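First up is the structure itself, then whatever we jot down about it.
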Amino acid sequence: MLKRAKKENRRRLPKKTVLVLCFLTLSGLIRLNAPLAHASASGNIIINPSFEQGLDPQGIPVGWDLTGCEGVANANVTLDQTHWVNDIQSAKITTGPVTPTYCFPDSSGPRPVGFVQFRQFLTNYPNLRFSNLTDSPSGFSFWFNLQPYGAGIAGFEVRIFGTESTDELDYVFDPDPSLGTYTNYTNPSPGLRSLIFQGYQPGQWYHFSRNLLADWTTLNLNTSGIFSILQFQGFASQIGTQLKSTIFWLDDVRVYAGSQPPPTETHWTIFNFTDTKGNIVDSKVRWKILDSTGQTVTYIQGQNSLSTAPYWVQAYYLEYSPTTLITTEQIQLDTRITISLTMIPNNSVIGNYIVLNNPVANLTVYHPNSSTPQFIVQGTTGTEYAMLLGVATQPALIQGNGIDLRSGIDWTYDPTVSFTRIQFSMPFDTENVTLFFNVPQRQPLITFNDITGTALKSQITFQILDSRGGIVPYSPGKILPAGTFFVEAYFEGYRIYRSPLETNQSTPITLEMLPLGATGYSYLALNSTVTALTTSVSSSRISFQVEGSGPYLIVVSVDKKPLRVEKDGLLIASWIYNATTGTVSIETATPGSFQLVLVESASYDYLYMGGAIATVILAGAIGIVLWRMRIPKKLPSD
Ligand SMILES: [Ca+2]
Numbered sequence: 006m007l008k009r010a011k012k013e014n015r016r017r018l019p020k021k022t023v024l025v026l027c028f029l030t031l032s033g034l035i036r037l038n039a040p041l042a043h044a045s046a047s048g049n050i051i052i053n054p055s056f057e058q059g060l061d062p063q064g065i066p067v068g069w070d071l072t073g074c075e076g077v078a079n080a081n082v083t084l085d086q087t088h089w090v091n092d093i094q095s096a097k098i099t100t101g102p103v104t105p106t107y108c109f110p111d112s113s114g115p116r117p118v119g120f121v122q123f124r125q126f127l128t129n130y131p132n133l134r135f136s137n138l139t140d141s142p143s144g145f146s147f148w149f150n151l152q153p154y155g156a157g158i159a160g161f162e163v164r165i166f167g168t169e170s171t172d173e174l175d176y177v178f179d180p181d182p183s184l185g186t187y188t189n190y191t192n193p194s195p196g197l198r199s200l201i202f203q204g205y206q207p208g209q210w211y212h213f214s215r216n217l218l219a220d221w222t223t224l225n226l227n228t229s230g231i232f233s234i235l236q237f238q239g240f241a242s243q244i245g246t247q248l249k250s251t252i253f254w255l256d257d258v259r260v261y262a263g264s265q266p267p268p269t270e271t272h273w274t275i276f277n278f279t280d281t282k283g284n285i286v287d288s289k290v291r292w293k294i295l296d297s298t299g300q301t302v303t304y305i306q307g308q309n310s311l312s313t314a315p316y317w318v319q320a321y322y323l324e325y326s327p328t329t330l331i332t333t334e335q336i337q338l339d340t341r342i343t344i345s346l347t348m349i350p351n352n353s354v355i356g357n358y359i360v361l362n363n364p365v366a367n368l369t370v371y372h373p374n375s376s377t378p379q380f381i382v383q384g385t386t387g388t389e390y391a392m393l394l395g396v397a398t399q400p401a402l403i404q405g406n407g408i409d410l411r412s413g414i415d416w417t418y419d420p421t422v423s424f425t426r427i428q429f430s431m432p433f434d435t436e437n438v439t440l441f442f443n444v445p446q447r448q449p450l451i452t453f454n455d456i457t458g459t460a461l462k463s464q465i466t467f468q469i470l471d472s473r474g475g476i477v478p479y480s481p482g483k484i485l486p487a488g489t490f491f492v493e494a495y496f497e498g499y500r501i502y503r504s505p506l507e508t509n510q511s512t513p514i515t516l517e518m519l520p521l522g523a524t525g526y527s528y529l530a531l532n533s534t535v536t537a538l539t540t541s542v543s544s545s546r547i548s549f550q551v552e553g554s555g556p557y558l559i560v561v562s563v564d565k566k567p568l569r570v571e572k573d574g575l576l577i578a579s580w581i582y583n584a585t586t587g588t589v590s591i592e593t594a595t596p597g598s599f600q601l602v603l604v605e606s607a608s609y610d611y612l613y614m615g616g617a618i619a620t621v622i623l624a625g626a627i628g629i630v631l632w633r634m635r636i637p638k639k640l641p642s643d
């Protein structure tokens, strides 16, 4: 019972109640066939109780009536073949948002609560009294299923009318606090009663069954009154910006009259499963029948033992396991049915099928027997897919379109049935599912330091090459195919580093580069390891001593072309000046002391004219930069 709204109604409308009923009854008379004045009320007195008889010209299920004048002007009813309890469809009533509308023309203004009225006027039995109802726990029953519209379900109720507000019983389901305070309302005056039922979950079919005659009698309502209207209501509330409203499905509505007990009905089902080629695959499929609460029903196909209720069949591939569940579908009763499964014949997998939970347009398998089989699935964009694969061992990794899928979340492995279940949402129209049975090698994050430990950034370039010299695009974390890879680093276009790629590399690679000056871009770079390297730089010359095994390519940043280059005090010719990059490259088979003379100085005459130079004189040295001892690293051959 909606106290606030109903109290409002009662405050505002006491004199209108009779008028209301006249209005409602009149509209019912217009819509319905002429009453069967002499029909004896027995059996289920509800017309079109299972909503299988189509729509009337107003678009309302035959025999029923709908109005949203109480604040839900957009309310509507449709027949829904995706939700049903019996036969093929149900009625879906959408309450919709709250609107400032009223059933009575002199009412106006905003309102916080509205409700749709989906009802049947019992005019086929104009003399039906409550005392004529069948005295049985299943004397009144229906199936319903609730879904929120907006931020939540506002509430649902069914109202049994003798005369509104004077002989009325309401069964109320999960009224939201936004509707006001609800209480069981069992003995007020005048005769208005309500019983509240709690704990209904959205999306689940519930069977509500009551001895309506007993309730009516126990609650001291007038059993000699005429049973005039059966009305289902979905509520909507608008508190501030928060809308709560109710979608409800109804099916199999029964009100029994007469002395005969309601019949006990039973049903059966028989089904086959087929693969994508239409072959019957019952021998590969295990199944369970579930009821509307998700409980397994013990059942042998063909037995006429199922009560009137919705049932679902769960199909599993080969074995029962959450990993091998293919699909859960509601089954039509009392007919033979074929359930098409997305089971794609494939000789390369265990059980000879690749199984998905939803249809796909195409599926291609690559390298089925390698350690990294690939499955290219073409399907419907946005659809959530699960793919079941028989596997000999647990995959080390599964990727979807090159992105790691999360073990235990996106994919599971059940060792007892040797199946893996891979779930993915089709991002475009293709998903490339790749299984890795060995831990794959990934590209490491590659960074470089000079020999002083300072990070090198844009001073150098580098690339990854495969064993045939092909460039592998650098993408840290990306899985590498099988094979050997090399990393090469370049300074001003000269290759100064080449070494096999170490996929577990976690520290910077040290390049044989030593800063010259403080600009950060002038370097002395060598392509092979040295045991010691000292430099001396002045405005007129760059001197350095290389110790190691050689041979070396030496690259030196210079401001201008040297006048000459000396090694161990002697002029050498094996050097090249590159004006574009501002470098001198020197090729030398052996280490030694080098001097790049940039500007002629007085000492030149002495040094060379004297002709007795044994060592490089580091007079005027700015500083000895570094001394380092390392195990020489040999370059691999190309
Ligand atoms: Ca139905």
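Note that this note's numbering has the sequence shown beginning at 6, numbered continuously upward. Glycine is no exception: its CB is placed at the ideal position from the N, C-alpha and C atoms. Predicted model only: the values in this text are computed from it and were never measured.
Just confirm the distance between the C-beta atoms of residue 583 and residue 557, as a whole number of angstroms; I'd bet it's less than 8 Å.
Wrong, their Cβ atoms sit about 17 Å apart, outside the cutoff.
Specify the secondary structure class of residue 219 as computed by DSSP and reduced to three states.
Shown here, residue 219 sits in a helix according to DSSP, grouped into three states.
Excluding five sequence neighbours on each side, which residues of the same chain lie with their C-beta closer than 6 Å to the C-beta of residue 333?
Non-local beta-carbon contacts of residue 333 in its own chain, meaning distances under 6 Å to residues more than five positions away in sequence, involve 317, 319 in chain order.
Mind reading off the beta-carbon distance from residue 261 to residue 144? Whole number of angstroms is fine, and I expect it under 8 Å.
About 5 Å; that satisfies the 8 Å criterion.
Ligand 1 heavy atoms versus the CB of residue 312: any closer than 8 Å?
Result no, Cβ not under 8 Å from ligand 1.
If we call anything under 9 Å between Cβ atoms a contact, is residue 237 one with residue 161?
Contact flag set, yes.
Check residue 27 in the structure and name its three-state DSSP category.
Because the pLDDT at residue 27 is just 31, under 50, the model does not fix this residue reliably, and the point stays unresolved.
Leaving out five residues before and five after residue 324 in sequence, what residues of the same chain have Cβ atoms less than 6 Å from its Cβ?
Closer than 6 Å at the Cβ level, and outside the excluded window around residue 324, lie 422.
Is the segment 421-438 touching the segment 387-396, taking contact as three or more C-beta pairs under 8 Å?
A contact between stretches requires three or more CB pairs, one per stretch, nearer than 8 Å, and the segment 421-438 meets this requirement with the segment 387-396.
Go to residue 548, then tell me how far its beta strand (DSSP E) extends in each direction, as first and last residue.
Where residue 548 is concerned, the enclosing beta strand (DSSP E) stretches over 546-553.
Looking at the structure shown, is residue 462 part of a helix, part of a strand, or coil, going by DSSP?
Here residue 462 sits in coil by DSSP.
With a Cβ-Cβ cutoff of 9 Å, do residue 547 and residue 535 count as a contact?
Not in contact: residue 547 and residue 535 (Cβ atoms no closer than 9 Å).
Closer than 8 Å: residue 57 CB and nearest ligand 1 heavy atom:
Proximity of the beta carbon of residue 57 to ligand 1 is indicated: a heavy atom of the ligand is located closer than 8 Å.
With a Cβ-Cβ cutoff of 9 Å, do residue 603 and residue 565 count as a contact?
Cβ distance < 9 Å, so residue 603 and residue 565 count as in contact.
Less than 8 Å separating the Cβ of residue 409 from some heavy atom of ligand 1?
In terms of side-chain proximity, the C-beta atom of residue 409 is found no nearer than 8 Å to any non-hydrogen atom of ligand 1.
Take residue 605 and list the residues in its own chain whose beta-carbon comes closer than 6 Å to its own, dropping the five residues that flank it on each side.
Apart from the 5 residues on each side of it in sequence, residue 605 has no Cβ closer than 6 Å to any other Cβ in its chain.
Can you find the residues in the same chain that come closer than 8 Å, C-beta to C-beta, to residue 271, ignoring five residues on each side of it along the sequence?
The beta carbon of residue 271 is closer than 8 Å to those of 309, 310, 311, 312 in its chain, skipping five residues each way along the sequence.
Entirely within the segment 118-196 and at least 3 residues each: give me those beta strand (DSSP E) ranges in chain order.
118-126, 145-155, 161-166, 172-178, all fully within the segment 118-196.
Distance, Cα to Cα, residue 706 vs residue 206?
Any answer about residue 706 is impossible in this case: the structure gives the chain only from 6 up to 643.
Any beta carbon from chain D within less than 9 Å of residue 429's own beta carbon?
Here chain D cannot be found, since the structure has a single protein chain.
Find the nearest neighbour of residue 466 within the set 459, 479, 53, 472, judged by alpha-carbon distance.
That would be 479, whose Cα lies nearest to the Cα of residue 466.
Rounded C-beta distance between residue 123 and residue 256? I'm assuming under 8 Å.
Their Cβ separation, rounded to whole angstroms, is 13 Å, which puts residue 123 and residue 256 out of contact at 8 Å.
Runs of beta strand (DSSP E) lying entirely within the segment 391-463, each at least 3 residues, in chain order:
Taking only runs of at least 3 residues, the beta strand (DSSP E) segments lying wholly in the segment 391-463 are 402-405, 416-419, 424-430, 435-441.
Are the beta-carbon atoms of residue 445 and residue 377 separated by less than 9 Å?
Contact flag set, yes.
Proximal residues to residue 83 (C-beta, below 6 Å), its chain only, five neighbours per side dropped:
Excluding sequence neighbours, residue 83 sits near 97.
Taking the C-alpha atoms as reference points, what is the distance between residue 276 and residue 368?
When the Cα atoms are used, residue 276 and residue 368 turn out to be separated by approximately 27 Å.
If you reduce the DSSP assignment to three classes, tell me which class residue 597 lands in.
Three-state result, residue 597: strand.
Kindly indicate the opening and closing residues of the beta strand (DSSP E) around residue 499.
Annotation for residue 499: the continuous beta strand (DSSP E) segment containing it runs 499-505.
Examine ligand 1 and report whether any of its heavy atoms sits within less than 8 Å of the Cβ of residue 92.
Yes, since a heavy atom of ligand 1 falls inside the 8 Å radius drawn around the Cβ of residue 92.
Quick one: give me the first and last residue of the beta strand (DSSP E) that residue 583 is part of.
Run containing residue 583: 580-583, per the beta strand (DSSP E) assignment.
For residue 588, I'd like the list of residues in its chain whose CB is within less than 7 Å of its CB, leaving aside the five on either flank, ordered along the chain.
So the qualifying residues of the chain are 497, 560, 561, 562, 563.
Could you compute how far the alpha carbon of residue 639 sits from the alpha carbon of residue 595?
Interpretation of residue 639 is limited by its pLDDT of 41, a score under 50 that renders its predicted location unreliable; the figure taken from the coordinates is listed afterwards. Here the alpha carbon of residue 639 sits roughly 15 Å from the alpha carbon of residue 595.
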